[in-house]
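Our numbering puts the first residue of the sequence shown at 5, with every later residue one more than the last. Think of the CB as a built atom: it goes at the ideal place given N, C-alpha and C, for glycine as much as any other residue. Here the structure is laid out as structure tokens; the discussion comes afterwards.
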Amino acid sequence: HDCWTTPLEGKNRGRGLALGMWTMPGGTASCHVNLNGDGSVTLVLGTPDLSGTRTSLGLVAAEALGLALSDVKVTIANTDAVAYSDASAGDRITYIASIAVGRACASLIESMKARVASEFDTSPEHIGYRDGRFAASGVPEMSVSWEAMALRSVRGDGALSASGVASEIPDGAAIAPNATAHVVDVEVDPETGKVDLLRYTTFQDAGLAVNPAQVEGQMQGGATQGIGWALSEGYDYDEDGRLQNATLLDYRLPTSMDVPFIDTEIIEIPSEAHPLGIRAVGQAPIVPPAGAIANAIYNAVGARMRQLPMKPETVYLAIRDSEGQQA
Numbered sequence: 005h006d007c008w009t010t011p012l013e014g015k016n017r018g019r020g021l022a023l024g025m026w027t028m029p030g031g032t033a034s035c036h037v038n039l040n041g042d043g044s045v046t047l048v049l050g051t052p053d054l055s056g057t058r059t060s061l062g063l064v065a066a067e068a069l070g071l072a073l074s075d076v077k078v079t080i081a082n083t084d085a086v087a088y089s090d091a092s093a094g095d096r097i098t099y100i101a102s103i104a105v106g107r108a109c110a111s112l113i114e115s116m117k118a119r120v121a122s123e124f125d126t127s128p129e130h131i132g133y134r135d136g137r138f139a140a141s142g143v144p145e146m147s148v149s150w151e152a153m154a155l156r157s158v159r160g161d162g163a164l165s166a167s168g169v170a171s172e173i174p175d176g177a178a179i180a181p182n183a184t185a186h187v188v189d190v191e192v193d194p195e196t197g198k199v200d201l202l203r204y205t206t207f208q209d210a211g212l213a214v215n216p217a218q219v220e221g222q223m224q225g226g227a228t229q230g231i232g233w234a235l236s237e238g239y240d241y242d243e244d245g246r247l248q249n250a251t252l253l254d255y256r257l258p259t260s261m262d263v264p265f266i267d268t269e270i271i272e273i274p275s276e277a278h279p280l281g282i283r284a285v286g287q288a289p290i291v292p293p294a295g296a297i298a299n300a301i302y303n304a305v306g307a308r309m310r311q312l313p314m315k316p317e318t319v320y321l322a323i324r325d326s327e328g329q330q331a
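This is the structure in structure tokens:
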């Protein structure tokens, strides 16, 4: 990749690489899929919407049912409306909830096959579903569209719905590890210790990127958080143990002035533990930034950084210390 092979030009510039990984704890997720008379479905989730899960899980349902995303209406229910679902945390939502959604959609299709089979006077196992149509095996003229069956179900035989639950992964179990690599170019001012990020690139194995734009956002957001921990974020206590930077006015978060555009490279190596190959994405990008930036500083000025955050004064003293050792 050119982020690694492009020559660095300029004095006191360096390039650093660091690797990281994270695992997903598992848990439980539940959902309902309700069939509407116009052929659309309503997907009712038991988990709050964070980081675009409505879109991602809507895409999973649309793919499973052979529908357009616009035909999947996603709603977030309260805890009384669906079965138990764990918290929206720990990288678990898309991974676990997509299994529940897939099971609910498969169950809905089987229910519709049973009704089609009844109309065609055959058994459900002889009914196939493809490209929005149900058809009897070997008898192509015996077919009916998804939309037609949806309308008949609502007006005639009764509305259809299906539920899905995924809880086969014990809570607390580490599963579906995802790996990430970060490459950063920096410029260090040896007179002040100030570190400027010139270029930042992240690579991550997402297994299957259900929504690539969302995955990129997770990678960029995680890297930005890691950059903050690396360069500026830290608690300052006085001699009496009082926190001196307890507000966002004093606690130094990175801004757009501190972080360059973060390039993302999504790698897709399907997870064998997930039916769709999905891996967790959100937390792994937080891990490598500190190591990558520390390595880049060493590459630039020969100073090993062993303390976070790497504020200008910390970097300056490390440079002076390395110069003393070299002397």
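>> Please return the same chain residues whose Cβ sits closer than 6 angstroms to the Cβ of Met116, not counting the five positions on each side in sequence.
In response: The residue labelled residue 116 in the question sits at position 112 within the sequence shown. The answer, listed in chain order, is Met153.
> In this structure, what does DSSP give as the bridge partners for Ala183?
Replying inline: Position 179 of the sequence shown holds residue 183. According to DSSP, Ala183 bridges with Met25.
> On the three-state DSSP scale, how would you describe Tyr302?
Replying inline: Along the sequence shown, one-based indexing puts residue 302 at 298. In this structure, DSSP gives Tyr302 a helical state, which the three-state scheme calls helix.
>> With a threshold of 7 angstroms on Cβ separation, who are the neighbours of Pro313 within its own chain once the five nearest residues in sequence on each side are excluded?
In response: Mapped onto the sequence shown, residue 313 falls at position 309. So the list reads Trp233, Ala234, Leu235, Ser236, Glu237 and Gly238, once near-sequence residues are dropped.
> For the alpha helix (DSSP H) that Pro52 lies in, which residues bound it at each end?
Replying inline: Taking the sequence shown and counting its residues from 1, the one referred to as residue 52 is at position 48. From DSSP, Pro52 is part of no alpha helix (DSSP H); its letter is neither H nor E.
> If you draw a straight line from the C-alpha of Ile100 to the C-alpha of Pro194, how long is it?
Replying inline: Here the question's residue 100 lines up with position 96 in the sequence shown. Here the question's residue 194 lines up with position 190 in the sequence shown. Between the alpha carbons of Ile100 and Pro194 lies a distance of about 48 angstroms.
>> Quick check: what's the CA-CA separation for Ala108 versus Leu247?
In response: Taking the sequence shown and counting its residues from 1, one reaches residue 108 at position 104. Taking the sequence shown and counting its residues from 1, one reaches residue 247 at position 243. Straight-line measurement puts the Cα of Leu247 at about 49 angstroms from the Cα of Ala108.
>> Taking only three categories from DSSP, how would you classify Ser165?
In response: If you number the sequence shown from 1, residue 165 lands on position 161. Shown here, Ser165 sits in a strand according to DSSP, grouped into three states.
> If we count the other Cβ atoms within 10 Å of its Cβ and call it buried at 16 or more, is Gly197 buried or exposed?
Replying inline: Against the sequence shown, residue 197 aligns to sequence position 193. Flag for Gly197 reads buried.
> Whole beta strand (DSSP E) runs in the region 209-283 with 3 or more residues, listed along the chain?
Replying inline: Unbroken beta strand (DSSP E) stretches of 3 residues or longer found wholly inside the region 209-283: 266-271, given in chain order.
>> I'd like the span of the beta strand (DSSP E) that includes Ser149, first residue to last.
In response: As a working mapping, residue 149 is identified with position 145 in the sequence shown. Its beta strand (DSSP E) spans residues Val143 to Ser149.
> For Ala65 versus Val37, is the C-beta distance shorter than 8 angstroms?
Replying inline: As a first step, residue 65 must be located in the sequence shown, where it is residue number 61. As a first step, residue 37 must be located in the sequence shown, where it is residue number 33. Yes, the pair counts as a contact, with Cβ atoms nearer than the cut-off.
> Among Ala298, Gly132 and Ile297, which has the Cα closest to the Cα of Val143?
Replying inline: Translated into the one-based positions of the sequence shown, residue 143 becomes position 139. Selected option, being the one with the closest Cα: Gly132.
> In terms of DSSP beta bridges, what is Cys35 paired with?
Replying inline: Looking up residue 35 in the sequence shown gives position 31. Residue pairing of Cys35 in beta bridges, as defined by DSSP: Leu49 and Gly168.
>> On the DSSP letters alone, give me the boundaries of the alpha helix (DSSP H) that Lys117 sits inside.
In response: As a working note, residue 117 is residue 113 in the sequence shown. According to the DSSP assignment, Lys117 belongs to the alpha helix (DSSP H) that extends over Ser102 to Phe124.
> So Thr79 is in the beta strand (DSSP E); what residue range does that whole segment cover?
Replying inline: Counting from 1 along the sequence shown, the entry for residue 79 is found at position 75. That run of the beta strand (DSSP E) goes Val76 to Ile80.
>> On the criterion of 16 or more Cβ atoms from any shown chain inside 10 Å, does Ser149 qualify as buried, or is it exposed?
In response: On the sequence shown, position 145 is the one that residue 149 refers to. Exposed, by the Cβ-count rule.
>> I'd like to know whether the C-beta atoms of Val199 and Val319 end up nearer to each other than 8 angstroms.
In response: Mapped onto the sequence shown, residue 199 falls at position 195. Mapped onto the sequence shown, residue 319 falls at position 315. Taking 8 angstroms as the cut-off, the beta carbon of Val199 is found closer than this to the beta carbon of Val319.
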